[in-house]
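Under the numbering used here, the first residue of the sequence shown is numbered -15, with each subsequent residue one higher. Since the structure comes first, as structure tokens, the remarks are kept for the end.
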Amino acid sequence: MEIQLVLKSHEQVLVTKASQLVIFFAETLKRKTSQDWNLTVQPLPTQLKKYTLLRSPHVNKKSREQVQLKTCQVCIRLTKIKNPLAFLIILDGIKLLKLDGIQLKCSFKAHTSV
């Protein structure tokens, strides 16, 4: 079983704090349940979007203002989770974390024996 979390924000500080919180939660749960899984943190490239705005739409066409928007991202992977109960506890705990200003995308893979 595998869980992949992608954390996105427009501020780098929020992304690092949220990733540290998720890592702390996963490591604490790993110690309490005495399970063994792999945790990898991979920073993703920062996306830049640049916008050019006209200050005055009627007269001064050369008067423009430029704004850029940065999106910082981090990918956290939890792999080789063997216990299904630990898998569900991790998902429930991540859902309950208070991550203000962070967009969290969670995807997971689980194999069943059918």
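Note that CB positions come from ideal geometry on N, CA and C, so glycine has one too. No experiment lies behind these values; they were computed from the predicted model shown.
Review point. Between which two residues does the beta strand (DSSP E) carrying S(-7) extend?
Key: -14 to -7
**Study point:** DSSP three-state assignment for Q(-4), whether helix, strand or coil
**Key:** helix
Review point. How big is the Cα-Cα spacing for L53 and L32?
Key: 6 Å
Check your understanding: If you pair each beta-carbon of the region 19 to 33 with each one of the region 46 to 61, do three or more pairs fall below 8 Å?
Key -> yes
Exercise for review: Express the C-alpha separation of K46 and L37 in angstroms, rounding to a whole number.
Suggested key: 11 Å
Practice item. Decide if S3 is buried, meaning its Cβ has at least 16 other Cβ atoms within 10 Å, or exposed. Key: buried
Point to revise | Separation of E(-5) from T55, as counted between CA atoms | key: 7 Å
Review point. P27 bridges to which residues according to DSSP?
Key: V58
Point to revise | Where the beta strand (DSSP E) containing L88 begins and where it ends | key: 87 to 93
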